[in-house]
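A.B. asks: My questions all concern the structure below.
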Amino acid sequence: MLIDWFTVIAQLINFLVLVGLMKRFLFKPILKAIDAREKRIALALADADLKKTEALQEKIIFENKNSQFNQQRQQLLETATRDANIERQRLFTDAQQAAEDFRARRQVAWLQEQQSIKEEILSRTREEVFAISRKALSELADTGLEQRMIDVFSDHLHSLGKKQKTALTGSLQNSPGQMHVRSAFELSPEQQSAIQQTLTEMLPSGLNESNLNTVNMVSFVVDPQLICGIELTIGGQKLAWSIHDYLSSLEERVSDVLLQQTAKKSDAAMENLQPASPTAEPDTAVTF
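Residues in the sequence shown are numbered consecutively from -6, following the working numbering.
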């Protein structure tokens, strides 16, 4: 078989031309496309690495912020818990104090009420006792006893001291016509004369019985409340001796003693009024 070198050479040239054309119009664009794709992939990878780095940084920042937030949250919770416990304690103390004040006021009111009742009972008892005493003595008094009262009263006038006599004389001189004798029974003329005679002897020599009957008239008044006694009033001065005065004086002393005892008992009750023991504080505390 004969080789057609012309054909071979022509085929070879065609092949080279085809290779050149393929290299120029096929392989080169493909290589460019591959290079461009590799560049894009490299850029994408670089961008991915950058974004990954940024994401890691953002993650670190977020974790730091989250940690700070947790710390702040914990601090706020602790502060709120502490404030709530303080407020709870304050409210508990205020309520306890209010209850204690109310109890103390109620106790004081009760003591005052009890004391008032006791005082009322004592006062009424005292009044009844003295009223019965006055009534009994009034019923027992008679003219014979009254005469004895006049004699005793005259003895009292004679036994007056110089100072008392001077005071009576001054009142008599400053208040003429202001001499009164009060008695529980009506005095007989003899008894009135005896009293005038006693006054004449007691007063200075310048004032005799005639003066007493004219210038300083002695007026005799009947007063059943005196109860077996007699009373002399000269101006602002008064001399009296009667069971009524004794009872009045005794009643005043009894009243003073009762008032003193009442005051002592009230003071003792207030001192013994101690605050109640504080109520145990509940163990519960505010937590979050």
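Cβ coordinates follow ideal geometry from the N, Cα and C atoms, glycine included. On a predicted model such as this, the values are computed, not experimentally measured, just so you know.
Return the residue from the list S147, D40, R99 and V10 that minimises the CA-CA distance to S186.
C.D. replies: The residue from S147, D40, R99 and V10 with its alpha-carbon nearest to that of S186 is S147.
A.B. asks: If you follow the beta strand (DSSP E) that L225 is part of, which residue opens it and which one closes it?
C.D. replies: G222 to I227
A.B. asks: Buried or exposed: T191, going by 16 or more other Cβ atoms within 10 Å of its Cβ?
C.D. replies: buried
A.B. asks: Since S164 is in the alpha helix (DSSP H), which residue starts that stretch and which ends it?
C.D. replies: K155 to N167
A.B. asks: Can you name the start and end residues of the alpha helix (DSSP H) that F8 belongs to?
C.D. replies: W(-2) to M15
A.B. asks: If you measure between the beta carbons of V286 and V250, is that distance less than 9 Å?
C.D. replies: In this structure the chain extends from -6 to 281, so residue 286 is not present and cannot be described.
A.B. asks: Using DSSP's beta-bridge definition, name the partner residues of R117.
C.D. replies: Answer is none; R117 lacks a bridge partner.
A.B. asks: With the cut-off set at 9 Å, would you say G228 and L165 are in Cβ contact?
C.D. replies: Taking 9 Å as the Cβ cut-off, G228 and L165 qualify as a contacting pair.
A.B. asks: Would you give the residue range spanned by the alpha helix (DSSP H) that S186 belongs to?
C.D. replies: P182 to M195
A.B. asks: Please report the straight-line C-alpha distance between Q4 and I(-4), rounded to a whole angstrom.
C.D. replies: About 13 Å.
A.B. asks: Does the Cβ of L9 have 16 or more other Cβ atoms within 10 Å, making it buried, or fewer, making it exposed?
C.D. replies: exposed
A.B. asks: So, L161 versus Q230, is the Cβ gap smaller than 9 Å?
C.D. replies: Their beta carbons are under 9 Å apart, which means L161 touches Q230 by this criterion.
A.B. asks: For the beta strand (DSSP E) containing S212, name the first residue and the last one.
C.D. replies: V211 to V215
A.B. asks: Just to confirm the assignment, what range does the beta strand (DSSP E) spanning S176 have?
C.D. replies: Its beta strand (DSSP E) spans residues M172 to S176.
A.B. asks: Under 9 Å between the Cβ atoms of E245 and V215?
C.D. replies: no
A.B. asks: Return the bridge partner residues of K44 from the DSSP annotation.
C.D. replies: Looking at the DSSP assignment, K44 forms no beta bridge with any residue, so it has no partner.
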